[in-house]
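Sequence positions in the sequence shown follow the working numbering and run 1236 to 1299. Take a look at the structure set out below.
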Amino acid sequence: MRDGGASPATVNRDVAYLRNMMNIAVDWGYLRVNPLSRIKMIREDNEKMWCLSYEEEVRLQEIN
């Protein structure tokens, strides 16, 4: 999923959903153990990157 361009938050949400489904399968007796119980979540970097607009760049150059 991650190679397909999905964000870490999307991958984590999907893993959590699948892990929950496996827990239900364990509760209902279809599985003895949850095969996803030891899967670690991906670190999410929630910082947003921003860029100067053309106008901001021009203003910055005028200051210098």
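Every residue, glycine too, gets a C-beta built ideally from N, C-alpha and C. Note that the structure is a prediction, hence the values are computed from the model and not measured.
Practice item. Counting only the same chain and skipping the five closest in sequence on each side, list residues whose C-beta sits under 6 Å from that of ALA1260. Key: In the sequence shown, the residue the question calls residue 1260 occupies position 25. So the list reads LEU1266, once near-sequence residues are dropped.
Review point. If we ignore side chains and look at the alpha-carbon of each, how far apart do LEU1271 and ARG1248 end up?
Key: Taking the first residue of the sequence shown as position 1, residue 1271 is located at position 36. Taking the first residue of the sequence shown as position 1, residue 1248 is located at position 13. Going from the Cα of LEU1271 to the Cα of ARG1248 covers about 13 Å.
**Study point:** Residues near TRP1263 in its chain [Cβ-Cβ closer than 7 Å; skip 5 each side]
**Key:** Residue numbering aside, residue 1263 sits at position 28 when the sequence shown is read from its first letter. Answer for TRP1263: no residue qualifies.
**Study point:** Distance between LEU1253 and ARG1273 (C-alpha atoms, nearest Å)
**Key:** The sequence position of residue 1273 within the sequence shown is 38, counting from 1. The sequence position of residue 1253 within the sequence shown is 18, counting from 1. Looking at the two C-alpha atoms, the distance is approximately 12 Å.
Check your understanding: Skipping 5 residues on each side, what residues in its chain have a beta carbon closer than 6 Å to that of PRO1243?
Key -> Residue mapping note: residue 1243 aligns to position 8 of the sequence shown, counting from 1. Result list for PRO1243: ILE1277 and GLU1279, in chain order.
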